[in-house]
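Let me begin by presenting the structure, written as structure tokens, before commenting on it.
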Amino acid sequence: MNPLNRRLGREWLTMVKMVELYCNARHAHAESTLCRECQEFLDYAEVRLQKCPYGLDKPTCANCPIHCYKPGQRARAKMIMRYSGPRMLFRHPYLAIAHKLDGFRRVWHPRELTRDQRAKARER
Ligand SMILES: [Zn+2]
Numbered sequence: 042m043n044p045l046n047r048r049l050g051r052e053w054l055t056m057v058k059m060v061e062l063y064c065n066a067r068h069a070h071a072e073s074t075l076c077r078e079c080q081e082f083l084d085y086a087e088v089r090l091q092k093c094p095y096g097l098d099k100p101t102c103a104n105c106p107i108h109c110y111k112p113g114q115r116a117r118a119k120m121i122m123r124y125s126g127p128r129m130l131f132r133h134p135y136l137a138i139a140h141k142l143d144g145f146r147r148v149w150h151p152r153e154l155t156r157d158q159r160a161k162a163r164e165r
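Add 41 to the 1-based position in the sequence shown for our numbering, that's all there is to it.
In structure tokens form, the structure reads like this:
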């Protein structure tokens with residue numbers, strides 16, 4: 042994927058690591074390979090991230106007022122986060138802490154933004 046910026050690149054890496062942790066534990070695959078469903082999930086997550094209407098202002102997904110995942114993938118995301126969330130602190134402490142700090146970012150729902158603010162968000 043295009044490295045949008047450092048923070049979003051790191052967020053993407055966090056997502057990849059969380060899916061790997063989950064898939065390697067639950068679907069019995071070799072380290073750093075994914076089963077077909079988890080790979081599909083990750084491909085889907087990549088598209089959602091690229092299309093995030095907040096662009097570089099993107100909050101963490103847990104703090105986002107828009108729920109952009111379709112129901113099946115949203116359910117999968119929940120299972121993955123529930124499994125990998127608590128384990129990230131031990132396996133990838135830097136990513137886990139960075140994600141925690143990103144969690145303090147707040148955004149408005151797009152309907153609450155003016156047209157100017159939306160245009161500016163897209164330029165950055
Ligand atoms: Zn899997």
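Glycine residues also receive a C-beta, built at the ideal position from the N, C-alpha and C atoms.
E61 and K92 have their C-alpha atoms some 23 Å from each other.
In the three-state DSSP reduction, W149 falls in the coil class, being neither helix nor strand. Here DSSP, grouped into helix, strand and coil, assigns H140 to helix. With a contact defined as Cβ atoms closer than 8 Å, R147 and P100 qualify at about 7 Å. Cβ-Cβ separation between L136 and R67: approximately 20 Å, too far for a contact (criterion under 8 Å). Unbroken beta strand (DSSP E) runs of no fewer than 3 residues, entirely contained in the segment 75-132, are not found. Pairing E78 with K161, the inter-Cα distance amounts to about 36 Å. In this structure, the beta-carbon distance from L49 to L97 falls below 8 Å. Between the alpha carbons of R47 and L154 lies a distance of about 25 Å. Not one heavy atom of ligand 1 falls within 7 Å of the beta-carbon of R115. Shown here, T155 sits in coil according to DSSP, grouped into three states, outside any helix or strand.
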